[in-house]
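Working notes, beginning with the structure itself.
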Amino acid sequence: MSPAENPPENPPENLAESPPGERGTRRGIGSLVRLLTAVELGITCLAAAMIFGLILFQAAQRYLPVPSIVWAGELSQFALIWLTFVAAGVLVTRNGHIAIELIDTLPSPVVVRVVQTFAMALVALIAGAFAWACWELVYSAGFLTSPALGLPMSWVYGIALIGLVSATIRAAVGTVRVARFGMPATGDATEVEVP
Amino acid sequence: MTSLLLVVTIMALLTLRVPVAFAFLGPGLGYLLLEGQSLGLPMRLVADATGNFVLLAVPLFILLGVVANHAGIADRLFDFALALFGRVRGGLGYVSVGVSLGFSWMSGSAVADAAALSKVEIPPMLRAGYSRRFGLGVVGASALIAPVMPPSIPAVIFAGIAAVSTGALFAASVVPALLMVLGLCVVVFLLVRRQPDIRHIGFSWARVAETGKRVVLPLGAPVVILGGILGGLFTPTEAAAVGAAYMMALGFGYRKLKVRDLPKIFVETALSTASIMLIVSSAALLGYVLALERVPQALSQLVLGITDDGTVFLLLVLLLMLVLGTVGDATPILVLVVPILMPIALALGVDPLVLGVVMIISLMIGLLSPPVGTVLFVLSSTQRVPVGEVFWGVLPFIVPLILVCLLIIFFPGIATWLPAQLGL
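Those protein sequence lines, which keep their order, are chains A and B. Just so we're aligned: the first sequence equals residues 1 to 195 in this note's numbering. Just so we're aligned: the second sequence equals residues 1001 to 1424 in this note's numbering.
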């Protein structure tokens, strides 16, 4: 809800001081995470654009001599599910989830950091449990298809699973990061950041 | 006992800074697993709640606001309002309220409104001799017009949960939003009398005409959106998409928007949407659990034991929302509380539209109150001033907003008149 009161410390960029092997590993992980974030943001961007385009078309098809597409509403509803869950991971890294940040106003930075670390660990645990629940649903709903489009429901839940797995991994990494460097500031929503 | 444990766990998680969505998801999942339900059920409930057709309006109205911001509409509205009211004593105060009113037809978010308009409005106020506290106060309080005046994102969420017509709730919000504008203008009038040093800006018809031309097309957006909904041309969800397309066309026409900006706009929209929708969907899971525990029925009996008067009930709702709004965000409160309050309201003969408008305005007041008033933090961040100073600035402006809520409670016709006139 509110920007963190305690300005976060930036993780030290001490690549130059690291041994060459460790430097390479960190660069490699950084590139991989940047790529994953770009993929996740790409999916959310596509989903938002799809909702816009499909609903606009649905409004227009009533007044224009164009063939009606019965699955436009259904696909836009799926796009909203994909957008919501795939963005969940990115929001963990960017401190973008809505939270009650009363704890951030405590005078002791150590207590604040301990609580923030614990909260991030709980997010990892809950996201992990939901990823497991989503996997169960992907597995059990495999024989179902959507009414209009005929899309296998395992695809619908499978894309949501990507976001939940990402949220789990990001929150687990975030737990270590918050413990070491504090909570990141709420960032520009579109900036691609290495967690 | 189980429901009490559930509530205590959620409160503990929220206090420990666990994001609201995860604080709802964790205990909800745990409860269903302990009850021996299948593991896939909680995920299916959450996914089904997300893919609700009515709630598709949320990303589209967010998109509309984001595009309006990128298209520089706030600057155009400000120039026009300044040309109109600059000469009036305290004119920049009225300009601020007027610009927020104009922008509210294109944006449903107070936070977006405060972030966009504070940068445009406060520096000229300071240059003209207004106190910083006054500027922060009027801009912060005026930002609350956006989530009340249609298109309103909280109204879409309320309508989706309460199963009332979004168009009717939009129409019910118009008169209360205009009363908010009037109340804020009265406070501006009273406060500027204490500031003798403020400078006025000259008036010229030529300037009014010149700036007026620049806002004609942007002010067509509410005509497209509300005209489309109320005229039965589009559903609210479709109207949001058409409005966003209209605003995009203006942005391209004004050369403020380029095709390469679109991915950034869609990502910004998606991330804002996801943070809201994840809460809405997680609250659906929690709502399912609370229903299994028969919590709504128990609370309903409790409230009906206290009062059987609709007005007293609405006063209690106002008080509850003002308190909850100070510590929580409007979305989770709406999604949790509406399913509980709606049956009580119906039992007491309270119009759901009146309940919706009172809840939305009173929850929005929470955006101006510490400890977690988001608008306070946005203004503190954009203007680089302490949160306390922003709060002292907005404090006098909270009074008329509460008065508007009381007026609606005692005279529900304020909210129900327009929908009735429009046959909604």
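We put the beta carbon where it would ideally sit given N, CA and C, even for glycine.
For residue i, name the three-state secondary structure that DSSP assigns.
i	result
Thr145 of chain A	strand
Pro152 of chain A	strand
Pro8 of chain A	Residue placement at Pro8 of chain A is flagged as unreliable, the pLDDT there being 41, under the threshold of 50; a coordinate-derived value is accordingly withheld.
Met1 of chain A	Low per-residue confidence applies at Met1 of chain A: pLDDT is 40, beneath 50, and the placement is therefore not dependable, though the value from the model is reported in the following sentence. The answer is coil: DSSP assigns Met1 of chain A none of H, G, I, E or B.
Val192 of chain A	Since pLDDT at Val192 of chain A reaches only 39, below the 50 mark, its modelled position is unreliable, and the value read off the structure follows with that caveat. Coil.
Asp1079 of chain B	helix
Glu1293 of chain B	coil
Gly1388 of chain B	helix
Ala1071 of chain B	coil
Ser1381 of chain B	helix
Ser1131 of chain B	coil
Trp82 of chain A	helix
Pro1419 of chain B	helix
Leu1219 of chain B	coil
Met1149 of chain B	coil
Ile29 of chain A	helix
Thr1273 of chain B	helix
Tyr63 of chain A	coil
Glu101 of chain A	coil
Asp1261 of chain B	helix
Asn14 of chain A	Because Asn14 of chain A sits at a pLDDT of 48, beneath the cut-off of 50, its placement in the model cannot be relied upon, and the following sentence gives the value as read from the coordinates. The answer is coil: DSSP assigns Asn14 of chain A none of H, G, I, E or B.
Ala1163 of chain B	coil
Pro1019 of chain B	coil
Tyr1288 of chain B	helix
Ser1282 of chain B	helix
Asp1113 of chain B	helix
Leu1056 of chain B	helix
Leu106 of chain A	coil
Where does the unbroken alpha helix (DSSP H) through residue i begin, and where does it stop?
i	result
Ala1206 of chain B	1205 to 1216
Val1181 of chain B	1166 to 1192
Met1011 of chain B	1002 to 1015
Glu1035 of chain B	Counting along the chain, Glu1035 of chain B falls outside any alpha helix (DSSP H), and DSSP gives it neither H nor E.
Glu136 of chain A	109 to 140
Asp1308 of chain B	Neither: Asp1308 of chain B is in no alpha helix (DSSP H) and is coded neither H nor E.
Asp1048 of chain B	1040 to 1050
Pro1412 of chain B	Where Pro1412 of chain B is concerned, there is no enclosing alpha helix (DSSP H), given that its DSSP letter is neither H nor E.
Met1359 of chain B	1352 to 1365
Phe942 of chain B	Coverage of chain B is limited to positions 1001 through 1424, which leaves residue 942 of chain B absent and any answer about it impossible.
Met1342 of chain B	1330 to 1347
Met1248 of chain B	1236 to 1253
Beta carbon of residue i, beta carbon of residue j: below 8 Å?
i	j	result
Leu1363 of chain B	Leu1179 of chain B	no
Pro1151 of chain B	Ile1073 of chain B	no
Leu1056 of chain B	Thr1237 of chain B	yes
Ala1159 of chain B	Ser1173 of chain B	no
Phe78 of chain A	Ile69 of chain A	no
Ile1344 of chain B	Leu1314 of chain B	no
Ile159 of chain A	Trp82 of chain A	yes
Leu1395 of chain B	Ala1114 of chain B	no
Ile1265 of chain B	Phe1170 of chain B	no
Gly1026 of chain B	Ile126 of chain A	yes
Tyr1288 of chain B	Gln1195 of chain B	no
Leu1271 of chain B	Gly96 of chain A	yes
Pro1339 of chain B	Ile1157 of chain B	no
Val1404 of chain B	Gly1040 of chain B	no
Leu1092 of chain B	Pro1123 of chain B	no
Gly1251 of chain B	Ala1071 of chain B	yes
Ser154 of chain A	Val165 of chain A	no
Arg1133 of chain B	Trp1392 of chain B	yes
Ala179 of chain A	Thr93 of chain A	no
Ala133 of chain A	Leu1290 of chain B	no
Thr44 of chain A	Val1267 of chain B	yes
Ala1143 of chain B	Ala1110 of chain B	yes
Phe1078 of chain B	Glu1035 of chain B	no
Tell me which residues share the same chain as residue i and place their Cβ nearer than 7 Å to its Cβ, disregarding the 5 neighbours each side in the sequence.
i	result
Gly1108 of chain B	Phe1061, Gly1065, Ala1146, Pro1147, Pro1151, Ser1152, Ile1153
Pro1412 of chain B	Asp1351, Val1354
Leu1262 of chain B	none
Gly128 of chain A	Thr168
Ala48 of chain A	Leu83
I'd like the list of long-range same chain contacts for residue i, defined as Cβ closer than 6 Å, with 5 residues on each side in sequence excluded.
i	result
His1200 of chain B	Arg1087
Can you list, in chain order, the residues of its chain with a C-beta nearer than 8 Å to that of residue i? Leave out the 5 residues immediately preceding and following it.
i	result
Ile1398 of chain B	Ala1141, Ile1365, Leu1368, Ser1369
Are the region 1244 to 1252 of chain B and the region 1217 to 1225 of chain B touching by the rule of at least three beta carbon pairs closer than 8 Å? yes
At least 3 beta-carbon pairs within less than 8 Å: the region 26 to 35 of chain A vs the region 1031 to 1048 of chain B: no
Cβ contact (3+ pairs, closer than 8 Å) linking the region 117 to 126 of chain A and the region 1014 to 1030 of chain B: yes
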